[in-house]
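K.L.:
Here it is, the structure in full.
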DNA sequence: CCCCTTTATCGTAAAAATACGATGATAAAC
DNA sequence: GTTTATCATCGTATTTTTACGATAAAGGGG
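Protein chains in written order, with our numbering: chain A, 207 to 310; chain B, 207 to 310.
So this is what it looks like as structure tokens:
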């Protein structure tokens with residue numbers, strides 16, 4: 207008995223799928239600005255990010271979740287606040303993948 | 207008289223906006239597969255790409271347009287077909303940007 | 001000229017992403 | 001215990017993306 211494949215498979219490796227998810231996460235101006243801000247301001251709080259973005263708090267929180275799900279950032283609860291920072295390992299992995307992408 | 211700014215500006219530089227558009231273009235499995243295929247098979251035709259993707263021809267053509275608009279690929283008409291290839295300058299630029307991204 | 005091949009575009013239906021106010025949840029301050 | 005501060009999640013409206021069939025456009029082949 208063969209294992210059933212999904213009807214529409216894009217035939218990407220696990221690494222490629224993860225890379226695609228990261229690309230998608232970074233493919234929105236708000237999230238690009240968030241990672242740029244986190245790069246310049248390591249260890250900052252949700253409210254700080256809300257202050258620099260022209261978006262409501264709920265929307266920023268949603269964008270942060272997308273970046274978290276992509277593994278690009280991690281947030282640790284600090285009392286009543288949440289401290290966010292770039293996941294340096296994930297960022298390093300992302301850069302490596304891009305370097306080797308397109309036959310690099 | 208001040209120049210009117212858009213109501214919601216994400217305060218990204220032109221380069222960052224271009225980078226974001228490229229990320230978005232690569233943030234879909236079909237398009238990631240297309241660039242991977244083009245990387246392995248330079249100079250191929252639309253039909254070749256249609257053959258390797260689980261999508262209709264119209265949909266693939268649409269995805270190709272997204273990659274063209276992002277500047278990642280370029281297509282030249284060859285008789286009744288269109289020959290696609292990666293834009294190596296754009297790809298190089300993309301890699302450089304990612305290398306220096308996140309304080310690289 | 002009439003087909004055939006190849007591809008882009010159009011129109012549109014369905015799905016996903018985006019944005020916001022309202023609400024809840026948790027911890028600190030008083 | 002009450003209040004305040006901070007943040008995530010819920011519900012939902014709007015917009016965008018995705019996908020497909022149908023159609024048009026354009027270059028050979030007969």
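Virtual Cβ for every residue (Gly too), placed ideally from N, Cα, C. Computed from a predicted model, the values in this text were never measured in an experiment.
Hey, does residue 269 of chain A have any beta-carbon neighbour from chain B nearer than 8 Å?
P.N.:
Numbered from its first residue, the first chain carries residue 269 of chain A at position 63. False, the Cβ-Cβ gap to chain B never drops below 8 Å.
K.L.:
Compare the beta carbon distance of residue 261 of chain A and residue 231 of chain A with 8 Å and say whether it is the shorter of the two.
P.N.:
Translated into positions along the first chain, residue 261 of chain A becomes position 55. Translated into positions along the first chain, residue 231 of chain A becomes position 25. No, they are not a contact pair.
K.L.:
Out of B/228, B/220, B/241, B/259, which one is the CA nearest neighbour of residue 290 of chain B?
P.N.:
Indexing the second chain from 1 puts residue 290 of chain B at position 84. Ranking B/228, B/220, B/241, B/259 by Cα distance to residue 290 of chain B puts B/241 first.
K.L.:
Please state whether DSSP places residue 292 of chain B in a helix, a strand or coil.
P.N.:
As a first step, residue 292 of chain B is located in the second chain; it is residue number 86 there, counting from the start. Correct three-state label for residue 292 of chain B: strand.
K.L.:
Quick check: the segment 293-308 of chain A against the segment 250-266 of chain A, are at least 3 beta-carbon pairs closer than 8 Å?
P.N.:
The segment 250-266 of chain A is not in contact with the segment 293-308 of chain A.
K.L.:
Here's the rule I'm using: 16 or more other beta-carbon atoms within 10 Å means buried, otherwise exposed. How should residue 249 of chain A be labelled?
P.N.:
Residue numbering aside, residue 249 of chain A sits at position 43 when the first chain is read from its first letter. The residue in question, residue 249 of chain A, is exposed, as its Cβ has fewer than 16 Cβ neighbours within 10 Å.
K.L.:
Looking at chain A, which residues of the segment 212-236 of chain B have a Cβ within less than 9 Å of any of its Cβ atoms?
P.N.:
Answer set for the segment 212-236 of chain B: 213, 214, 215, 216, 217, 218, 222, 223, 225, 226, 227, 228, 229, 230, 231, 232, 233, 234, 235, 236.
K.L.:
If I measure Cβ to Cβ from residue 238 of chain B and keep anything under 7 Å in the same chain, skipping five residues before and after, which residues do I get?
P.N.:
Position 32 of the second chain, counting from 1, holds the residue named residue 238 of chain B. Cβ neighbours of residue 238 of chain B beyond the five flanking positions: 232.
K.L.:
Under the three-state reduction of DSSP, which class applies to residue 286 of chain B: helix, strand or coil?
P.N.:
Numbered from its first residue, the second chain carries residue 286 of chain B at position 80. In the structure shown, residue 286 of chain B sits in coil (DSSP, three-state: anything other than H, G, I, E or B).
K.L.:
When you compare only the Cα positions, how much space is there between residue 245 of chain B and residue 303 of chain B?
P.N.:
Position 39 of the second chain, counted from the first residue, corresponds to residue 245 of chain B. Position 97 of the second chain, counted from the first residue, corresponds to residue 303 of chain B. For residue 245 of chain B and residue 303 of chain B, the distance between alpha carbons rounds to 19 Å.
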